[in-house]
Every structure is written in structure tokens, then in C-alpha cells.
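Heads up: the sequence shown begins at 388 in the working numbering, then just goes up one per residue.
In this text, a Cβ means the ideal position worked out from N, Cα and C, and glycines have one as well.
Read the structure below first, then the notes.
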Amino acid sequence: MNKLSSTRRLQIAVVGSASNQLSEVQRTLAFHVGKLVIDNDCRLINGGMGGVMEQAACGARSSTRHQPGDVIGILPSYDKAEANPYVDIVLPTGLGVARNTVLMAACDAVIALDGGSGTLSEIALAWQMRKPIACVGGEGWHTRLQTLMLDERRDDAIAVCPDMEALAGFLWQLRGQNLPGYDGIAASSVCQSELRAYLQSTFTDNSASGELDFLGRGSEGTVFRSGQRIYKLFHRSDFTMLLFTHLSGIAQTLAPLPEESAPIPLYEVHRGDYLVVHYPDFASQPYTGGQTQQMVEFLRAMRTAGCCLSNVKAENFRCTYDSRLVFIDIGRDLMPYSDALFLSMCKRAFLTVYYSAHADFKRMCRYTNDHDDFDGIAACDGVAHSASDLANQFDQFYAEVTRADAVPG
């Protein structure tokens, strides 16, 4: 851990779109963020070019607390003349996009504004280097990442700052803290042996006290099988208590369902040193797409159960030997029912049935988040149907799911 000396001021990276065609809202936001950084007795460091970088630097210069040297620009080129006019210290690198690594190494924390793939790379690097990350603004990659743990190498999450007051609070909390140091790409902070020991000591009355088979590790947790039971241990985060409350509520919703027809395993929730969900193992095989009627019946059962999923993909399902689909990735994606969420879930389920193996499956799903039409789906290579054909097919699929006389299961 690096204790910040009392004489050194924090260097805050403000990252975002390099476009010189920012909207007035984006320009104003970047300006005020840059000013806020200096107002809070920090230094501003960024890529030194246009767009968000220039507006943030301009805002920093406007602060009454600005001092010469407070605005640092790390350029991708060798040419100092490419820096915007508000940069105090110009550091040319000649590294191109690799300068993002230098920028993230040089900063103490990151504020991400509206941006594209470049901003995404900076957020990922900051995460790996254990730099605190805050998000502001309503566009760009960070809106999909906010409140998330990108992987298990850290216990915190990407912070959301809806306004300048919240962002000022984020900066204030950084002062005098032992900020994380960086000594190479961080590995998982918890090894399998520690997780196994926790299960075996905690669930002494269940089969977890015996042999534990490692099944996999995802973005949320690590999964084991012991005897006739499956255990998922969630990685520690600031949102563990919230997730415990959330999953406990869903478990109560599912409890009245017959186990043999439930679309999600009837799980139990444990909260201690780790948050754990566990449920009976069941005979099944992987699901790889297709099986339209089984997916229709699954969606009907979810509607009856009062649940929705925010993320539908084939690998999160198992197919039982009586031809039922069961969703097994219990976590943040499991949500209480709403009409809007159910429609979105059905669109993703439709794509999962017909396009699970398509190279652009993830992009297709993202498209349905923001569009009511299927134009972006039809435009993908290898999709033989027109947008109108796809819309008609989905309408028929959705009508079958919501048919009034349908019996789930």
C-alpha cells in the first residue's frame, strides 16, 4: 500500500471521448469535472489532446486554485505541439495507444466520462492497476460498467457519481488514504484452498464437509460441487449485503414452486465471511441453443414465478433429462418481474435460441438493449432473414410465451 505523503497532491486522470464533436452537455460536464479536480487540491492528468481531455484541462485552468504544473498531458505522439493549449506540462511518449498504460500508471485515481474503446481500455488498465475508478455522465462504456467488479482481482466496484457533489465526495475520500500500490497484474486475492476451507468449516451439516469438486470461476463467484449439492461463493465486494438482500428476496419468491418444475434451482442463501448460495445438484447436460419450445416453457415458468433475467445466454442454462431448461447462474442477473424486463429477457432468449453460436451474439444482445427494431441483427454477417422477418418471428415467439391459456412447465 502507498501512503500518500502530506506534501504530494493526488494526480487524478480524467478520461473520455477524444472527439472534437462533443455535445454541449458533454463539453460542460468535462469542464466542470476538470475544475472540480483542481478545486479539491488535486492535479489533473490526461491524454493532453482534444475532446473531453481539452475541456477538462480548460476547466482545471479556470479554477482559482490552479497553479502552474497542475495540468499534465501524456501525449501518444512525439510532438509537443499536438497538446491542447491548456496543458501545463506536456509529456510526449511516441507510444500511440500504449500511452494509456503510462497514464494509468501515473495517476492515483480515475474519473471516466463519456467515451468509447479508448476509455474502455483505460478503465480496464486502471482496474488491473488497482486505481480507484469513478464514473460520471450518461453516455459511453462506463455506463455499462458502473457498480460492477470487472473480475475477481479486486474487492471493490466501479463507483457511480451522479452529480458533482458525489464526485467531490469521491475525491475527498481519497485524501490521506493508503491507496493501493501496483506490483504487476494482480492475481485473484483468494485461492481455491481458502474457499474450500470456508465451505468445509461452515457447512458441516451438509455434504460440503466432504470432497469438493471445483466447477468454475466467473465474474461474480467460484462454484463447487460436493456430493449432491452445488455451492457458489461470491467474491467479496462493497455490495455483498445488498446482494444478500436481493437474492434472499428472490429465493422467497421461488420457494412455493415445486422443485421438479422450477425454472431456477430452489436455492438457499448464506451470509458470513462469504456470501454463498447453494442448491441440490440435478441430472442435466449443457444447453447450446435451439429447443424453441423448451425456451418458451422456461419463459412462461419465469413469468409465473415472478422473476426475470437481465442476461440470457446459453452457457447459463442446463437442460434436464425431462427436457426442461433451468437457469443456474444465480447472482446479480436474477431480478424481480417487471413487464419491461420480461420483454427484454424474451428478446435475448429469442436470440439465444436462434443465434447462440453466432460470432456477433453479444453485439446482437447489446443492440436489443437500445433498440426496438431488429435492423442491427439483420445486418450481421450470416443472418439470412430481413429485419422485418426477424420482427415477425419474434412477435410469434413472444405471443406463444404470453398466450393466455398456456400452462407453464
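Beta-ladder partner(s) of residue i, from DSSP
i	result
phenylalanine 714	Phe704
lysine 734	Answer is none; lysine 734 lacks a bridge partner.
valine 401	Ile498
arginine 430	Gln398
alanine 521	Ile498, Ala546
leucine 721	Leu696
serine 613	Arg616
Spatial distance of residue i from residue j (CA atoms)
i	j	result
alanine 573	isoleucine 510	Reliability of the predicted coordinates at alanine 573 is poor, the pLDDT of 38 falling under 50, and no value is obtained from them.
alanine 771	cysteine 695	30 Å
proline 455	tyrosine 473	11 Å
tryptophan 559	aspartate 550	14 Å
histidine 340	leucine 582	This structure cannot speak to residue 340, because the chain is shown only from 388 to 796.
threonine 506	arginine 790	44 Å
tyrosine 708	glutamate 702	17 Å
tyrosine 654	proline 667	8 Å
alanine 553	isoleucine 617	40 Å
leucine 397	aspartate 760	46 Å
serine 773	asparagine 471	46 Å
alanine 447	tyrosine 465	24 Å
isoleucine 425	glycine 659	41 Å
glycine 481	glycine 677	50 Å
glycine 403	aspartate 428	22 Å
valine 656	phenylalanine 557	32 Å
cysteine 578	arginine 562	32 Å
methionine 722	methionine 682	18 Å
glutamine 680	aspartate 726	21 Å
leucine 810	serine 580	Since the first and last residues shown for the chain are 388 and 796, residue 810 lies out of range.
aspartate 570	glutamate 607	Confidence at aspartate 570 is low in this model, with a pLDDT of 48, below 50, so the placement of that residue should be treated as unreliable; the coordinate-derived value is given next. If I take the Cα positions, the gap works out to 24 Å.
Where residue i falls: helix, strand or coil (DSSP)
i	result
valine 642	It is worth fixing the name first, because residue 642 is alanine in this sequence and not valine. DSSP places alanine 642 in coil when its eight states are reduced to three.
glycine 421	helix
isoleucine 510	helix
alanine 791	coil
isoleucine 545	coil
glycine 763	helix
leucine 602	strand
asparagine 407	coil
methionine 436	coil
lysine 619	strand
glycine 608	strand
methionine 751	helix
arginine 414	helix
serine 697	coil
alanine 584	helix
alanine 786	helix
glutamine 775	Looking at the sequence shown, residue 775 is not glutamine but serine. Helix, per DSSP.
aspartate 709	coil
valine 740	helix
threonine 591	coil
arginine 687	helix
histidine 758	coil
histidine 633	helix
methionine 516	coil
glycine 556	helix
aspartate 768	coil
Cβ-heavy atom distance, residue i to the ligand FMN, below 7 Å
i	result
threonine 451	With respect to small molecules bound, the structure shown includes none, and the ligand FMN cannot be examined in it.
Counting Cβ pairs closer than 8 Å, one from the stretch 755-765 and one from the stretch 733-746, do we hit at least three?
These segments touch.
Those runs of the beta strand (DSSP E) which lie wholly inside the stretch 446-495 and span at least 3 residues
List check, beta strand (DSSP E) in window: 458-462, 476-479.
Do three or more CB pairs link the stretch 710-722 to the stretch 737-750 at distances below 8 Å?
No, the stretch 710-722 is not in contact with the stretch 737-750.
Pairs of beta-carbons, one from the stretch 636-652 and one from the stretch 601-610, closer than 8 Å: are there three or more?
Per the Cβ contact rule, the stretch 636-652 is not in contact with the stretch 601-610 (fewer than 3 Cβ pairs under 8 Å).
For the pair the stretch 514-527 and the stretch 460-467, tell me if three or more CB-CB distances fall below 8 Å.
With a cut-off of 8 Å, the stretch 460-467 and the stretch 514-527 do not count as touching, because too few Cβ pairs lie within range.
Is it true that the stretch 511-519 meets the stretch 417-427, where meeting means three or more beta-carbon pairs spaced less than 8 Å apart?
No, because fewer than three Cβ pairs between the stretch 511-519 and the stretch 417-427 fall closer than 8 Å, the two stretches do not touch.
Does the contact criterion of 3 or more C-beta pairs under 8 Å hold for the stretch 644-659 versus the stretch 687-705?
Cβ pair count under 8 Å is three or more, so yes.
Can you list, in chain order, the stretches of the beta strand (DSSP E) that have 3 or more residues and sit fully within the stretch 643-683?
Counting only runs of 3 or more, we get 655-658, 662-667, 671-673.
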